[in-house]
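The sequence shown lines up with residues -9 to 523 when you count with our numbering.
For each residue, glycine too, the CB sits at the ideal point set by N, CA and C.
I have placed the structure first, in the form of structure tokens, so that the comments after it can refer back to it.
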Amino acid sequence: MADIFLSYASEDRERVRGLVGLLESHGWSVWWDRSLKPGETWPDVIERELSRAGCVVVVWSNDAIGSHWVRLEAHAARQRQILVPVAIDSVLPPDEFTVYQTLDLAGYPSNTHEVQLQELGAVVRTQLRRARRRKLMPWAAALLLLLVPVVGGVCWGSDACFASGVHDDVGEVAQVLPPENSIAILEFDYRGAVDEIYLARGFVDLLAAQLQTVGYLVASQIAVAALPDNADIALIHNRLRVRWALDGTFYQSPAGVRVSAQLVDLETGYQKNNWSFDATLSDMVALQNQFARTVIEELDVPTRTLDESWRISPDVQPDAYVSHLRGLDSLGRGQSLADIDAAEAAFADALRIAPDFALAHAGMCRTKLRRYESLRSVEYFEEARRHCDQALGLNASSVETTLAIGWLHQYAGDYLQARNMFETAAALDASSADAHVGLGTALEASGEFAVAETHFAQATVVQPGYWIAHNRFAMFLIRRGRNEDALRRFEFALELAPSSPAALNNLGAALMFADRLGLAVQAFDRSLEIEQD
């Protein structure tokens, strides 16, 4: 089954070959080979592949507009609402398709159209995610949960994990259901100006933090981002080990925003509820709080606290809130200095507007810490400490700020204080793999290797789909001289994040230590290829 069905006139085969390569470079499979196997009929093959694809890219050209087959395929795609039209000649599509915005690639491949090709990748990704959402609903898909082996651990913070040996072997099957208060917030589909997508990403990041504050076990957003675009209900359930999935769409226009979402029970496959909220940009803080309250009340499961510490203060000015969302997006994108610069500028804007905005101080604390980790300048260390202290003074229950202060103590060599802060973070958020990674790091530095290992292992238990937790555990095992054990962990991390240069690079190091030099070179080469792309 291919992710994408490419519809084109046979005369254009060589012209569309580059499009196939482009789409495949994103990790998607493309059906475009028009050859038949013995016994197959053309209509049957077309119907089968069209019904399975999550997206149909129709390539209009001088030849395609007169092709009976291309029109039929485009019509089928329109019926399923998975049509993505492009034009490689200066032509108008047939009348019934003129209502669709067609991506202009006239002259392709002679004209490169770099911007338009990037847009094509973004549109296809969005369409595949929409197809994934449609797959979430059929109850029959939920029956697969009874048949598919579980990936990773499922004990969610229970000491029984280690007694039962769930993590003795990576990927061991366990039959423990995820806890009632566990949830994954999937990446919301964004529809609006491309340069303002940070609104949707930041909205989701803040929502996750709000649910964590109440006591929900929220799947790591890094683990969610590593899911394949066509991930179905079984894969989401098995990889992330959560009871609920929240999926949605964030619409943005000059008039304001609309946020629509559906809450799906991953054990049954049924939708529990869906909502849609409208707001102007000046009312975004109220919308954020209203949305979080709705999810909390809908789940209606016992949590750590019933107070409203999760609420963003309604006194926060809208411009400060929007700048904070921009900072969260930049901070979450990666480790590059350009991302750090963008995050710092955004949080500085937020604090200029609202000097007592606790979340912005927390964001600046994390940004300065990340800059220190990159440059190791004492100046950034002290700035991080100052913003962390201010954030804690304004909002003592912040998990991210507590973690940041833990790392500040760790870098300063105060392992006892680091351990205390990481323990506090773990108590605030039972689903925090980063808290257990921090604890493992502090304990290892103190020479308590056996206890450190249990915390590195626990990080992979509370967030089984979080590749960084598996990666950090593997690095610990390398330092302990357990190369084969580390290799299995690195391989599992790479399975979760196959396009991560860091995961590939670390796998290469493990292979090198295990004297598998040929495979190590392949991993290093692949890591460099991805970084250059």
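Under the three-state reduction of DSSP, V247 is assigned to strand. When DSSP states are grouped into helix, strand and coil, P488 belongs to the coil group. For the stretch -6 to 42, the continuous alpha helix (DSSP H) assignments of 4+ residues that do not extend past its boundaries occur at 3 to 15 and 32 to 42, in sequence order. Check the Cα spacing between P99 and each of Q252, Q261 and V10: the tightest is with V10. When the alpha-carbon of A77 is set against those of L321, Q71, A513 and V60, the nearest one is in V60. Here DSSP, grouped into helix, strand and coil, assigns P308 to helix. The stretch 165 to 185 makes contact with the stretch 234 to 252, as at least three CB pairs between them are under 8 Å. When secondary structure is reduced to three states using DSSP, D475 falls in the helix class. Where L73 is concerned, there is no enclosing alpha helix (DSSP H), although the beta strand (DSSP E) around it starts and stops at L73 to A77. Taking a cut-off of 8 Å for Cβ pairs, the stretch 28 to 47 and the stretch 80 to 87 do not touch, as fewer than three such pairs fall below it.
Beta bridge pairing from DSSP links G396 with no other residue. If you draw a 10 Å sphere on the C-beta of V427, you find 16 or more other C-beta atoms in it, and that means buried. Measuring C-alpha to C-alpha distances from Y456 to each of A221, V208 and A183 identifies V208 as the nearest.
Excluding its 5 nearest sequence neighbours in each direction, R316 has C-beta neighbours in its own chain below 6 Å: Y188 and A336, listed in chain order. Contact between A374 and L398 holds: CB atoms are separated by about 6 Å, below the 8 Å threshold. For the pair Y401 and F371, the CB atoms are nearer than the 8 Å cut-off. In the three-state DSSP reduction, I302 falls in the coil class, being neither helix nor strand. The three-state secondary structure of A432, taken from DSSP, is helix. Here the alpha carbons of A432 and G111 stand approximately 42 Å from one another. Only residues of its own chain outside the window of five on either side were considered, and among them T392 have a CB closer than 6 Å to the CB of T414, listed in chain order.
When Cβ pairs closer than 8 Å are counted between the two stretches, the stretch -7 to 0 is seen to touch the stretch 54 to 68, the count reaching three or more. Taking F281 as the centre and dropping the five residues before and after it, the same chain places the C-beta of L197, V249 and F267 closer than 7 Å to its C-beta, in chain order. At the C-beta level, E434 and A442 come within 8 Å of one another. Collapsing the DSSP output to three states places Y405 in a helix. In the structure shown, the three-state DSSP call for F463 is helix. Residue pairing by DSSP places G238 opposite A251 in a beta bridge. Pairing P244 with A504, the inter-Cα distance amounts to about 57 Å.
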